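The structure appears right after this line, and notes come after that.
2 protein chains.
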Amino acid sequence: MPWNLNSGSPIFVQIIEHLQIDIVSGKYKPGDKLPSVRDLAGEAGVNPNTMQKALSDLESTGLVHSERTSGRFITEDDNMIKNLRKSLVDVQIEKFFKSMEKLGFTGEEILELVKEYSQK
Amino acid sequence: MPWNLNSGSPIFVQIIEHLQIDIVSGKYKPGDKLPSVRDLAGEAGVNPNTMQKALSDLESTGLVHSERTSGRFITEDDNMIKNLRKSLVDVQIEKFFKSMEKLGFTGEEILELVKEYSQK
DNA sequence: ATTACTGTACTAATCGCTTAGTACAATAAT
DNA sequence: ATTATTGTACTAAGCGATTAGTACAGTAAT
Chain A
4 MPWNLNSGSP IFVQIIEHLQ IDIVSGKYKP GDKLPSVRDL AGEAGVNPNT
54 MQKALSDLES TGLVHSERTS GRFITEDDNM IKNLRKSLVD VQIEKFFKSM
104 EKLGFTGEEI LELVKEYSQK
Chain B
4 MPWNLNSGSP IFVQIIEHLQ IDIVSGKYKP GDKLPSVRDL AGEAGVNPNT
54 MQKALSDLES TGLVHSERTS GRFITEDDNM IKNLRKSLVD VQIEKFFKSM
104 EKLGFTGEEI LELVKEYSQK
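Heads up: the sequence lines are chains A and B, in that order. So for the first sequence, the numbering used here puts the first residue at 4; every next one is plus one. So for the second sequence, the numbering used here puts the first residue at 4; every next one is plus one.
Below is the structure:
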């Protein structure tokens with residue numbers, strides 16, 4: 004299935020986020036080999052150049068590294084992945100609270116709304 | 004203060020969201036006159052054309068309407084504003100839950116994290 | 001009447017993202 | 001040895017968003 008890439012921000016950014024999620028959620032484990040640039044591009048339904056840009060950006064954070072001709076691999080640093088997961092969570096929660104506060108809700112009201120939502 | 008317009012999606016989309024929030028949060032009340040296109044553009048720090056695009060898009064939803072030469076006004080339909088507010092809230096909550104579930108959290112875990120966050 | 005302000009319309013130029021296409025060197029597989 | 005696959009690099013083109021600049025017609029204020 005082609006990835007869901009339509010939500011405003013540049014596709015290569017969405018690809019980065021998608022891959023980060025695949026890594027922190029365990030789809031790719033530390034040391035795993037990633038599919039090739041071309042395969043990932045085909046899977047995502049984008050141009051190989053776009054996938055390459057996303058991957059080389061990801062690489063600059065150290066989350067993945069490439070062995071020149073044998074492929075690209077997930078970092079084996081468990082801590083880096085754990086920290087990324089925590090950081091992604093924090094970003095989501097903060098973004099959510101900021102948005103809701105802009106809409107005029109207090110912290111307590113937000114908590115109440117979340118309670119309601121998680122009960123249905 | 005210039006608006007905070009840097010988060011990936013096109014500026015005119017962010018302007019639309021910004022204005023919607025200003026309306027549902029009560030900064031602009033039903034029937035209020037909006038500042039002129041040029042003033043809003045100056046306030047937001049964007050080109051008047053960009054602001055115009057955002058406003059004419061907003062207009063197509065009925066939330067604002069323009070009186071050809073005297074200015075642009077917020078709708079007087081209270082219900083439309085209420086519904087928009089509810090819809091914006093729903094979107095935020097759903098987006099948040101989807102993101103968190105992608106990161107591997109269950110509904111209960113999400114609720115727990117929100118509790119923690121709202122307590123500090 | 002004159003002036004200032006309103007929304008609106010239009011062209012041209014620029015910038016970033018994306019795609020298309022091609023190419024190369026190094027490794028793996030056969 | 002030959003072939004396929006790897007990451008990487010590069011140019012050219014197209015597209016949408018944005019900016020800059022200009023212009024016009026209708027209304028309000030003076």
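C-beta: ideal position from N, C-alpha, C; glycine also. Predicted model only: the values in this text are computed from it and were never measured.
Of the other Cβ atoms in all chains shown, 16 or more fall within 10 Å of the Cβ of Val49 of chain B; this residue is therefore buried.
By the rule that beta-carbons nearer than 8 Å mark a contact, Met103 of chain A touches chain B. At least one CB atom of chain A sits nearer than 8 Å to the CB of Tyr120 of chain B. For Arg88 of chain A, the nearest beta carbon of chain B is closer than 8 Å to its own beta carbon. Nearest neighbour of Tyr31 of chain A by Cα position, chosen from A:Glu112, A:Val94, A:Asp81, turns out to be A:Asp81. For Glu20 of chain A, the enclosing alpha helix (DSSP H) begins and ends at 14-27. In this structure, Ser121 of chain B lies near Ile113 of chain A, with their beta-carbon atoms less than 8 Å apart. In the three-state DSSP reduction, Gly74 of chain A falls in the strand class (E or B). The criterion of a C-beta distance shorter than 8 Å is not satisfied by Leu116 of chain B and Val27 of chain A. For Leu106 of chain A, the neighbours in chain B by C-beta distance under 9 Å run, in chain order, Ile24, Val27, Ser28, Arg88, Leu91, Val92, Gln95.
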